[in-house]
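Protein chains in written order, with the working numbering: chain A, 12 to 452; chain B, 12 to 452.
Below is the structure:
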């Protein structure tokens with residue numbers, strides 16, 4: 012017999028079907044057993060008589076007849092709530108061990124370290140799964156929005172010969188007889204490819220050897236980047252806002268059930284995302300709160316929330332773009348504003364209180380770029396291939412990036428970015444707690 | 012004036028337009044200059060009078076009028092061959108330095124090391140670009156085919172606490188106070204997630220510290236993986252063939268011009284890909300060639316070509332699936348064939364003479380898996396999180412993977428996999444030749 016997907020069972024009333032999935036809950040009532048079975052398409056209640064004991068979360072194969080439930084037993088919360096399966100044959104494909112905690116609750120009430128210690132099991136919980144269904148949609152939304160902007164996908168390396176963005180927080184790799192480094196960003200490679208293919212996007216792992224443990228940082232994350240040649244600053248902001256809002260709108264529209272499960276409203280995407288220079292944003296914050304932040308070099312988290320509150324009130328927008336951050340606070344390749352070089356043609360995109368993207372117009376003049384590298388005490392020799400691109404027709408160009416885990420975390424208002432990573436890496440954990448490895452060594 | 016894409020210029024005859032792109036060739040005929048300008052949508056011939064000198068490959072912005080060419084000057088080889096642009100204003104956005112070699116030929120006749128030494132420049136050549144346009148389509152074809160098989164995209168880590176597949180060819184990472192390793196495959200993580208999400212796909216970088224330089228190996232490549240729960244072996248082969256043929260068919264259909272440029276025929280995809288056990292394939296090879304390979308543990312490259320020739324002759328197929336390789340020759344997680352455990356429920360998919368995918372049904376019983384790990388002299392303690400998945404309802408499952416660069420190389424019949432990697436890494440090169448870094452150190 013061919014397998015029927017659980018989502019298709021409501022169309023099979025009166026028919027005998029075969030389903031396969033996991034026994035999510037098993038309730039024994041004497042001779043009668045109720046089993047909620049989950050596959051990748053849904054969940055269904057199954058009823059059996061005189062079944063052999065089935066441990067919770069076992070993989071099962073069930074044959075039986077789909078029957079309509081009596082009106083009073085209809086469960087409106089699930090797609091298959093109007094029907095149930097009367098089990099004729101139950102086969103345990105793989106019996107689960109005893110659960111170390113209750114997997115049957117609507118929410119797993121576990122401390123984060125426990126959730127991660129048991130990751131292979133806790134990923135089976137529907138509320139945890141929902142996070143990664145949304146995440147897949149965010150990535151797809153990014154790709155589709157980038158392709159709408161005529162970007163081509165490129166695959167850039169993650170092992171580089173030198174620490175390419177400055178800073179000490181890089182992981183060293185023993186690369187044959189040499190030292191190499193894990194990239195902090197595909198930045199330099201995407202710029203080179205934008206100089207060839209004009210418009211590119213990259214989804215790449217990036218690595219930060221953050222020496223601290225915070226709720227917002229991971230040592231390895233997925234970064235989604237775009238880079239555009241022949242764009243001037245205002246067009247670049249258009250591209251940023253198209254991809255940023257498009258990606259989140261797509262994810263929300265593809266996964267409405269996930270938003271509902273987490274009690275999240277659909278994002279408010281305005282026709283035109285409001286844009287403010289940093290100094291303008293700071294004036295607004297001062298007016299609204301009385302706090303004088305107008306001399307600060309950046310927005311702090313409180314400022315980000317405040318300016319997002321303003322965007323929502325004044326523009327009915329969950330998004331706001333902030334531009335013109337101080338040049339010295341941004342990466343070396345950021346183009347200073349020709350009209351006021353103390354500030355740069357840089358920007359952040361904020362969504363519901365936090366920054367989800369950064370980017371800039373880049374310096375595309377070779378000499379200017381070498382000066383920028385030198386002035387930050389870096390060595391142009393470490394940028395040989397990158398600088399080569401700026402000798403052979405590099406147009407005005409710019410781009411931006413998003414962190415996949417951070418966007419996922421923010422959409423669902425998760426309290427820790429680790430919850431938005433299938434297998435989070437940080438100072439303390441690589442699958443297992445590193446302290447336990449220390450003990451073993 | 013808004014920019015017009017070059018592909019749209021044939022619809023703009025008689026109109027004044029603005030185009031932006033690279034001056035691919037510049038031919039001075041006294042007062043008159045012909046410039047072929049390339050953007051990401053196409054190439055157009057532009058004609059100017061008394062222009063200032065424009066260096067080849069400079070980024071330019073041109074305003075002018077689109078005019079029809081006289082019949083006898085029509086170039087049927089390009090989309091814009093019926094028109095040209097009469098330049099009114101030419102602006103050099105970024106002047107290229109002098110070319111180190113002739114970029115104007117249809118083919119770049121460079122040795123591979125030179126091609127890669129000048130990667131930022133050589134990627135601007137249309138024949139090199141074509142490789143990566145096809146590559147983007149291969150990746151997209153993989154994703155679409157995997158989604159047709161109901162797979163969800165997952166993002167798995169590349170830094171792991173132990174060398175997860177055995178073998179010495181791993182890169183070591185200094186991870187805070189610990190040692191970690193770059194993954195050789197997302198294998199263990201995709202199996203864990205298949206135990207939760209049922210059907211998954213992953214596009215991940217993988218790393219092999221190959222101590223030799225060959226035309227077929229790179230130190231960092233992009234691997235495309237699928238993994239399916241609740242599938243038995245024949246269904247798994249269906250999935251393999253669906254994704255493998257679907258991906259290549261998609262790429263060929265999306266990029267017919269690239270195939271044409273490289274003189275490649277469209278792939279022959281049969282309704283049913285022929286399937287042979289290794290021993291059956293070897294018998295066929297023996298019959299066809301007289302070479303007795305029937306005791307060998309694997310197909311060598313000559314055998315792969317021969318069995319593909321058979322598939323083409325007998326089944327009009329560019330694909331053939333070979334199954335049941337010797338158990339001891341495959342990875343520890345491979346399920347032995349219950350009917351003949353010396354051979355395994357493993358497979359390779361061959362395309363036009365080479366293997367492009369490997370995979371297998373996996374061992375899903377916990378004790379059996381621990382025994383398999385131990386019998387290969389590995390330590391189950393290094394597989395803690397992986398083994399956890401096999402305690403809590405792991406269904407029969409299996410999967411397969413493709414190498415993006417290898418598939419790209421094979422479709423276009425490139426002579427070296429480095430040509431199918433934007434920035435290839437090997438023993439001798441990370442962007443620049445490592446020997447030069449040695450000198451600097």
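Cβ coordinates follow ideal geometry from the N, Cα and C atoms, glycine included. Since we're looking at a predicted model, the values are computed, not measured.
Exercise. Using 8 Å as the Cβ pair cut-off and three pairs as the minimum, do the region 399–408 of chain A and the region 358–376 of chain A touch?
Worked result: Here the region 399–408 of chain A makes contact with the region 358–376 of chain A; the two share three or more CB pairs at distances below 8 Å.
Exercise. For chain A, is any of its Cβ atoms less than 8 Å away from the one on residue 412/B?
Worked result: So no, residue 412/B is outside the interface.
Exercise. Between the region 229–249 of chain B and the region 429–440 of chain B, are three or more C-beta pairs nearer than 8 Å?
Worked result: The region 229–249 of chain B is in contact with the region 429–440 of chain B.
Problem set entry | CB contact flag (residue 441/A, residue 191/B, <8 Å) | Yes.
Problem set entry | Partners in chain A for residue 183/B, counting only beta-carbon separations shorter than 8 Å | Here the neighbours are 184 and 185.
Problem set entry | Environment of residue 84/B [buried if 16+ CB atoms lie within 10 Å] | Residue 84/B comes out exposed.
Exercise. Mind checking if residue 272/A is an interface residue toward chain B, Cβ cutoff 8 Å exclusive?
Worked result: No, because no Cβ of chain B sits closer than 8 Å to the Cβ of residue 272/A.
For this session: Assign residue 329/A to buried or exposed, taking buried as 16 or more other Cβ atoms, counted over all protein chains shown, within 10 Å of its Cβ.
Result: Counting Cβ neighbours within 10 Å, residue 329/A comes out buried, since at least 16 surround it.
For this session: Check the C-beta distance from residue 251/A over to residue 368/A and give it rounded, since I have them as a contact under 8 Å.
Result: Taking 8 Å as the upper bound for CB-CB distance, residue 251/A and residue 368/A are in contact here, some 6 Å apart.
Problem set entry | Cutoff 8 Å: residue 171/A Cβ touching any chain B Cβ | True, the Cβ-Cβ gap to chain B drops below 8 Å.
Exercise. From residue 452/A to residue 193/A, what distance separates their C-alpha atoms?
Worked result: Because the pLDDT at residue 452/A is just 37, under 50, the model does not fix this residue reliably, and the value given afterwards should be weighed accordingly. Each residue's Cα considered, the two are about 25 Å apart.
Exercise. When you compare only the Cα positions, how much space is there between residue 160/B and residue 398/A?
Worked result: Their Cα atoms are separated by approximately 43 Å.
Exercise. Shorter than 8 Å from the beta carbon of residue 105/A to some beta carbon of chain B?
Worked result: It does; some Cβ of chain B falls within 8 Å.
For this session: Please compile the residues from chain A whose C-beta is within a distance smaller than 8 Å of the C-beta of residue 443/B.
Result: The answer, in chain order, is 172, 395 and 396.
For this session: Tell me whether residue 450/B is buried or exposed, calling it buried when 16 or more other Cβ atoms sit within 10 Å of its Cβ.
Result: For residue 450/B, the predicted structure reports a pLDDT of 45, less than 50, and the residue's modelled location is therefore unreliable. The matter cannot be settled from this model.
Exercise. Are the region 48–64 of chain B and the region 98–111 of chain B in contact at 8 Å, needing three or more beta carbon pairs?
Worked result: Contact holds: three or more Cβ-Cβ distances are below 8 Å.
Exercise. Which of helix, strand or coil does DSSP assign to residue 344/A?
Worked result: DSSP places residue 344/A in coil when its eight states are reduced to three.
Exercise. Can you tell me where the alpha helix (DSSP H) with residue 137/A in it begins and where it stops?
Worked result: In this chain, the alpha helix (DSSP H) harbouring residue 137/A covers 137–159.
Exercise. Secondary structure at residue 253/A, three-state DSSP: helix, strand or coil?
Worked result: Residue 253/A: helix per DSSP, three-state reduction.
For this session: In the DSSP assignment, find the beta strand (DSSP E) that holds residue 288/B and state where it starts and stops.
Result: Segment 286–288, the beta strand (DSSP E) holding residue 288/B.
Exercise. What span of residues does the alpha helix (DSSP H) with residue 184/A cover, start to end?
Worked result: Residue range 183–186 is occupied by the beta strand (DSSP E) that includes residue 184/A, with no alpha helix (DSSP H) assigned at that position.
For this session: Confirm, please, whether the CB-CB distance from residue 27/B to residue 75/B is below 8 Å.
Result: In this structure, residue 27/B lies closer than 8 Å to residue 75/B by Cβ.
Exercise. So, helix, strand or coil for residue 171/B, using DSSP?
Worked result: Three-state result, residue 171/B: strand.
Exercise. Counting along the chain, where does the beta strand (DSSP E) carrying residue 57/B start and finish?
Worked result: Its beta strand (DSSP E) spans residues 53–60.
Exercise. Under the DSSP definition of a beta bridge, which residues are partnered with residue 212/A?
Worked result: As computed with DSSP, residue 212/A is found in a beta bridge with 164/A and 237/A.
Problem set entry | Residue range of the unbroken alpha helix (DSSP H) whose run includes residue 119/A | Note, residue 119/A: premise wrong, no alpha helix (DSSP H); not H, not E.
Problem set entry | Alpha-carbon to alpha-carbon, residue 183/A and residue 172/A | A straight line joining the alpha-carbon of residue 172/A with that of residue 183/A spans about 10 Å.
Problem set entry | Member of 169/B, 68/B, 81/B and 40/B whose CA lies at the smallest distance from the CA of residue 61/B | If we check each option's Cα against that of residue 61/B, 40/B comes out closest.
Exercise. If you measure beta-carbon to beta-carbon, which residues of the region 140–152 of chain B are closer than 8 Å to chain A?
Worked result: Hits within the stretch, in order: 140, 143, 144, 146, 147, 150 and 151.
Exercise. Can at least three beta-carbon pairs, one atom from the region 152–168 of chain A and one from the region 334–345 of chain A, be found at a separation below 8 Å?
Worked result: Because the criterion of three Cβ pairs below 8 Å is not met, the region 152–168 of chain A and the region 334–345 of chain A do not touch.
For this session: Check each residue of the region 35–50 of chain A: if its Cβ is closer than 8 Å to any Cβ of chain B, include it; give the result in chain order.
Result: Those residues of the region 35–50 of chain A that come within reach of chain B (Cβ to Cβ, closer than 8 Å) are 50.
Exercise. Going by the beta-carbon positions, is the gap between residue 365/A and residue 421/A smaller than 8 Å?
Worked result: In this structure, residue 365/A sits near residue 421/A, with a CB-CB distance shorter than 8 Å.
Exercise. Is the Cβ-Cβ distance between residue 156/A and residue 254/A less than 8 Å?
Worked result: Residue 156/A is a Cβ neighbour of residue 254/A, given a cutoff of 8 Å.
Exercise. Between the beta-carbon of residue 354/A and the beta-carbon of residue 384/A, is there less than 8 Å?
Worked result: In terms of Cβ geometry, residue 354/A and residue 384/A do not form a close pair [threshold 8 Å].
Exercise. From what residue to what residue does the alpha helix (DSSP H) around residue 133/A run?
Worked result: Segment 130–133, the alpha helix (DSSP H) holding residue 133/A.
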